[in-house]
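Okay, structure first, notes after.
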Amino acid sequence: MLNVLAQADGEMLEGLKAIGAGLGYGLAAIGPGIGIGTVVGNAISAMARQPESAGMARTTMFLGIAFTEALALIGFVVFILLMP
Amino acid sequence: MSAVTENPDVVLPAEGPEREIARDLARRAAWVSPAFIILGAALEGVDGAVSAGLALLLVAGNFLLGAAIIGRAVSVSLNALYGAVLLGYIVRLGLLAVIALAFKSTGWFSAVPFAITLLVTHLGLLAAETKRVSITLAHPGLAPSARKVGDEPSTDPTSPQE
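Going line by line, the protein sequences match chains X and B.
Quick note: the first sequence uses the numbering used here, first residue 1, plus one each step.
Quick note: the second sequence uses the numbering used here, first residue 1001, plus one each step.
What follows is the structure, encoded as structure tokens:
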């Protein structure tokens, strides 16, 4: 009986780890999603106002997206490390 | 092909700077890959080296895919750009998770070298590229692709496009 309970505890722990990892990844992706929306929205506004500087706006936008995405990658790394 | 926005005066060039930046980032990733593969091998042996290599491939592929999505969307319209970037973000995160989970189920995946390589490479490459772009913006004459007067027009990604 104790063995069965101990095994159930272990399985529950693994399950809780998986749930926590998935939740963490999902939550970590929310902030960068908002940030990327802000970056792209402002870049589009800049391109619409000054098409002659679109190249500069797109360069800055791409780098901004990539930097913001690094936050989501941190969540991804935690997800990979926590996943059983 | 160029994108025509709602304002007929606004026409954006389709071949943009993001592809050039992504190619540059991928090239730099190839340069630094031996160091990370050796580090992975030192940490976890052959499994660590392969995992570090996988992380490098994912980082470079992520940059290239993001640039391809933006370049493709810009050739449609600015609204398409907004949607494609946000949808592409979700798709790329999903792809990363699927690929990493698929490889994690194999016996040779090593999480720690993979995680270190993924984060350090992503941030390090971006920091180096930002430095290059900042220098280029501040001093366009120092750009490697800058040409003398009378030569072919500069193909530098940071130069304003007509």
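All C-beta atoms, glycine included, are put in the ideal place defined by N, C-alpha and C.
Counting of Cβ neighbours within 10 angstroms places SER45(X) among the exposed residues, the total staying below 16. The way I'd put it, the stretch 24–33 of chain X does touch the stretch 55–75 of chain X; three or more beta-carbon pairs between them come closer than 8 Å. Cβ proximity to chain X below 8 Å picks out LEU1093, LEU1096, ALA1097, ALA1100, LEU1101 and LYS1104 from the stretch 1093–1104 of chain B.
Collapsing the DSSP output to three states places GLY1016(B) in coil.
In the structure shown, MET83(X) falls within a coil segment according to DSSP collapsed to helix, strand and coil.
In the DSSP annotation of this structure, the continuous segment of the alpha helix (DSSP H) that includes SER1051(B) starts and ends at 1046–1074. Nearest CB-CB separation between LEU63(X) and chain B: below the 8 Å threshold. From the beta-carbon of ILE1038(B), no residue of chain X is found nearer than 9 Å; the closest lies around 21 Å away.
In terms of beta-carbon proximity, GLU1018(B) lines the interface with chain X, with at least one pair separated by less than 8 Å. Listed in chain order, the positions of the stretch 38–50 of chain X with a beta carbon within less than 8 Å of a beta carbon of chain B are VAL40, GLY41, ILE44, MET47 and ALA48.
For ILE34(X), the nearest beta carbon of chain B is not closer than 8 Å to its own beta carbon.
Annotation for LEU1043(B): VAL1112 and PRO1113 place their beta carbon closer than 7 Å to its own, counting only its chain and skipping 5 residues before and after. Going by C-alpha positions, LEU81(X) is about 13 Å away from GLU14(X).
Nearest C-alpha to TYR1082(B) among MET83(X), LEU16(X), ARG58(X) and LEU73(X): ARG58(X).
Taking C-beta separations shorter than 6 Å and ignoring five residues to either side along the sequence, the partners of GLY1053(B) in its chain run ILE1037, following chain order. Counting only the Cα atoms, GLY1124(B) lies some 10 Å from ARG1028(B). Scanning ALA1100(B), THR1136(B) and ALA1073(B) for the CA closest to the CA of SER1051(B) turns up ALA1100(B).
Here the alpha carbon of GLY1066(B) sits roughly 23 Å from the alpha carbon of GLY24(X). Judged by beta-carbon spacing, LEU1118(B) lies within the 8 Å limit of VAL77(X), meaning their Cβ atoms are closer than that value.
Here the alpha carbon of TRP1031(B) sits roughly 27 Å from the alpha carbon of VAL1091(B). In the structure shown, PHE1109(B) adopts coil according to DSSP, grouped into three states. Residue contact check for ILE30(X) against chain B: no CB pair falls below 8 Å. When rounded, the separation of the alpha-carbon atoms in LEU1056(B) and ALA18(X) is 25 Å.
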